[in-house]
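Protein chains in written order, with the numbering used here: chain A, 71 to 248; chain B, 5 to 397; chain C, 6 to 373; chain D, 611 to 1001.
Down below is the structure, laid out as structure tokens.
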């Protein structure tokens, strides 16, 4: 990561680089709870997200590009998730999968549950559902790929330095439909 | 080993602050120390966030200490602040692979407290879906256990079947994992048209595909080499620890509340209970596989029994269990699930204590893992079937 | 015997022909380097793609589809991604060893491609000791693995590295014994010579031409198993066994360094398959006793027209991919062995068997 | 088993099982281009029919997650008749569901006494920002167009009390009418035809199911003119529509020979299946012009498309079988099935025409490409189907 976060790359190079990142999302499944089962379902025969270049062969965080936080994040687990996220090399993406990871879900009033993974790590795509069906994850992945294709790595890294957590929000205050 | 003396160093996925004591063996110029290997909470083998700290002498495990609580969400406390309808939606999440059986337990407890009559049709349909749910659960474990032994393919086949079954159950309940289909006094709504026919068809399909698992996994010599004689659990030890479900049945004890204390209509049909001999990893797995066949047998019998009629009885506007307490146990896919429900007559339970099968099953892990090799430890870990949420609640 | 080896030597003289059109010294060298590099970077990618697809279909799914038509660019996308990744070196790691290890693993894998003959004249170098060179240099790779495992300062890496080392030692022996048996039968260590020997090998007493896989089916099996074990391909993937050791010696590697390890693994698959093709499956011969169209010379395999060369290369690549497919097939079908079972299998089964094989073939050779 | 067979058979069997699957068609569903048909009961997203909402707050209070936000104000409605009492009623200002928090248990849908909340199987609403997962009233209303009809119940099922009551009532009315007719006939013929009425009454009343949804415009206008509030007028008009529709269907059924099976097979408006996916360009442009966000506009335009398409298909179906013969839907079903059964490998080729058009429309490349791909596959499928049909 020396050059790429300093210099805005020329368009064709950027296109190819973005394309590479888009179709090679090695995925570290942070399977925490129920949603992990639907995550596995999304990786198996019927849905098979390997079609989209999401390769679930990254067993450790070092090789991963995409962290799918699927399930309830407890306060006891939160440091480990943060640590794993930090162990992933840049550029890295996070999908928050399911209500628990989005903001606590059914355990909104529990004393031991972290109310949303975006409190500790930045999230790129939120997939709603409890648990979301596998197709919903595919939809989230396609949305993420769309985002990767059009992003600028320089802006991404620079933005992360400024505001590490709210990177996921495009326009945090402009609520749609209000 | 450059990092034996740097205790602060943390492996991927370990939480900091875990104090590890080292024991030095031998003396003179070349003493050896045990290595503490922390597996989990985020490790590919633990399917969830279960953590085991292994004290290793080379590749041999000297001591295994399960560390639980990474998935503790305070279910029992949350249940005290939710009315019975809301609890039903909550409890299917503690063992996320057997949602229907969990909510069935709560429904049975409330019905017992309120002395409610449940229509026959509802009971038969409950059995039908509970058995499908059991198959869903077992298929998942067949896949994940194979993955732990390095065989990736059974998972893909198992999930193909799972998708079909989930599609079937979704057409009736609307959910894929969390069905929320029970309610005190019966079921929320009757089955859609064609459900029973589809269920019958699917039961033949799954039955036809089962030999694939026997051929691909159970009959494989490498698999047998990895599991036969690994982690044998004597039946008396299993009983004293409180192990239930397929893990207990693998030791040769045919304990199953569906037979010994029939609930619903299990008393009216023939419930096969497959048992093993040695209680080793191989037996545990083969029990699991044969339990799928048993469940299919039950499903086929249920199809002939479902009577016409209503599926729910009239409920009061607000379900309130009368003052008192009750205990209900059901055979969940992983073992016996017990709910101790205590009520002070209000709209929420005063206390809902859960006796979850996974929690009892993992108590056997330190016993089983003593003195085995690291790969065998993984083989044992996968064969003592548990769901982390069910351990920690 | 002499006829064969003399044939080989005359052939070697001709075999430079692919690069002969260019005068001088530099250009052929550049061409040769380019040839080896493209072999190294393209063929493993094809193998990787084949693995993705075959695995997918055997698991009742489709494998990559979106990246490029039919997903053929999946591994290219992976490569482009890996060069953009941040390069992380753990603070406690032994920096230089950590950084050098993937290179140490990769360079030997690259060098093996020098001697692999894909067709008549289609190779960079024909050594008299080609087989010896190939076997010697493939075992250097494990040094990189051991270095990586040690330098990562991670317990999983260390165990993985040590397992890889132990595995290599255990399986090098049956591998070499099996290969030696072929050399004994062919009477040469030159890989091209072995191909030629197979084109001329008849079942004694008959005029039927067969490849070495027929007399040496046991040796082929031993070589295949040992090659899989040496490459730590599943079901012998204990060094990177994910359910035990996260990712073994690769646990701490990111980005381009990790990609180098992966490339090494796939290149290893290709070179080992290529060696098996040369040693047992008749090289670029389409079927035993069938001369290649457009070719003359010994067994109808040499002195080829450009079309003949192209066909030969295709045949070799096809055989290599078939062997890669079998490796993938085994990966899909089997669970992983345990480390001690693996060692036991090597020392108690494969080594005695390969010695027996050697003895039998030698006797056979002497008698006929 | 393995103990009796020679060593190695287990290994060979494993190879056999995997190679067997190599030659089978993969079970994969090419998701953005192919979709699972979701069951009508699927809990995908909650839709709101805000005209039914009375702001009773039951859903909000029963929600285990407290993720429903309702705001309202009271309005005084002038008396309906002169000299009457002015009434107050609640007017819904805001109805929002926070789908990032929702646990999809369905309790709100269950408890809603006025059927304002419905489950829709849609699931494609992943967002880049968590704020966008808070769906406001308009968005929830847009989901309502995707709500499928509830599936018919199993044969052994006892119908819900309301439906059973309605059917019973209808039957009674019919019996009365028949009895009356019989009396008249008796009076006319003054013969001993007393037994004739009995079998007619005993014949099973055709079960007519009508999905509430549309309103009877006539009644509605009339009630509005009478000064009724819009909500009441709407609900009454709906009831009127249901009544009329039932009467119509029943009449049709009787026309079709009084066979009990016929009305069930009649093409009910809700059974027309339309694949959501395309958008109604007109609506879309209009909404964009109105300053709506693109996503919102797209969702609404999609819904509008589905609605239009349904209407079209329904019209077609009715044209094909004006009297609701049972043959029409059956004839349609296999044809549709064949289209989905035809297998076309997506090779990544796209329908250039569609692609260019979509790009020209200002779509993002991703969407244009995936749609164009889908269009290509569809075309190929159609071609293949035509070929097969020709052969």
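Cβ atoms here follow ideal geometry from the backbone N, Cα and C, with glycine treated the same way.
Residue environment: residue 87(A) is assigned as buried (16 or more neighbouring CB atoms within 10 Å of its CB, all protein chains considered). Contact of residue 312(B) with chain D is assigned, a C-beta pair being separated by under 9 Å. Interface criterion not met: the Cβ of residue 138(B) is under 9 Å from no Cβ in chain A.
In terms of Cβ geometry, residue 92(A) and residue 189(A) do not form a close pair [threshold 9 Å]. DSSP places residue 58(B) in no alpha helix (DSSP H) but in the uninterrupted beta strand (DSSP E) bounded by 55-61. Here residue 359(C) is not bridged, per DSSP, to any residue. DSSP places residue 793(D) in the helix class (H, G or I) of the three-state scheme.
Between residue 325(C) and residue 282(C), the CB-CB gap stays under 9 Å.
As the crow flies, the alpha-carbon of residue 961(D) is around 9 Å from that of residue 981(D). For residue 102(B), there are no C-beta contacts with chain D under 8 Å, since the nearest C-beta of that chain is about 17 Å from it.
Secondary structure at residue 344(B): strand, using DSSP grouped into helix, strand and coil.
The shortest CA-to-CA distance from residue 81(C) to any of 220(A), 95(A) and 203(A) is the one to 95(A). Within the DSSP bridge table, the entry for residue 706(D) names 679(D) as partners. The beta carbons of residue 278(B) and residue 305(B) sit no closer together than 9 Å. Straight across, the Cα-Cα distance linking residue 92(B) with residue 783(D) is about 42 Å. The C-beta distance from residue 242(B) to residue 368(B) rounds to 7 Å, short enough to meet the 8 Å contact threshold.
With a threshold of 9 Å between beta carbons, residue 337(C) makes contact with chain B.
A straight-line Cα-Cα distance of about 49 Å links residue 125(A) and residue 272(B). Shown in chain order are the members of the stretch 116-147 of chain A whose Cβ falls below 7 Å from a Cβ of chain C: 118, 120, 121, 122, 123, 129, 130, 132, 133 and 135. Taking C-beta separations shorter than 8 Å and ignoring five residues to either side along the sequence, the partners of residue 258(B) in its chain run 277 and 279, following chain order. In this structure, 285(B) is the residue among 197(B), 187(B) and 285(B) with its C-alpha nearest to the C-alpha of residue 233(B). For residue 276(B), the closest Cβ of chain C is not nearer than 9 Å.
Under the DSSP assignment, residue 285(C) falls in the alpha helix (DSSP H) whose first and last residues are 260-285.
Bridge partners of residue 70(B) according to DSSP: 56(B). Beyond the five residues adjoining it in sequence on each side, residue 344(C) comes within less than 7 Å, by CB distance, of 168 and 243 in the same chain, given in chain order.
Nearest in C-alpha terms to residue 170(C), of all of 178(C), 151(C) and 158(C), is 151(C). Three or more beta-carbon pairs drawn from the stretch 50-57 of chain C and the stretch 259-276 of chain C are found closer than 8 Å, and the two stretches are therefore classed as touching. Nearest to residue 182(A) by alpha-carbon distance, out of 210(A), 200(A) and 143(A), is 143(A). In the three-state DSSP reduction, residue 745(D) falls in the strand class (E or B).
Under the three-pair Cβ rule at 8 Å, the stretch 92-102 of chain B does not count as touching the stretch 189-198 of chain A. For residue 194(B), the nearest beta carbon of chain D is closer than 9 Å to its own beta carbon. Within chain D, the residues 672, 674, 715 and 717 have their CB atoms less than 8 Å from the CB of residue 90(B), given in chain order. Taking 9 Å as the CB threshold, residue 67(C) stays off the interface with chain B.
The beta carbon of residue 172(A) sits closer than 9 Å to some beta carbon of chain D. Contiguous alpha helix (DSSP H) elements confined to the stretch 27-103 of chain C occur at 31-63 and 79-89, taking only those with 4 or more residues. Listed by position along chain C, the residues whose Cβ is nearer than 7 Å to that of residue 982(D) form an empty set, because the closest Cβ is around 14 Å away.
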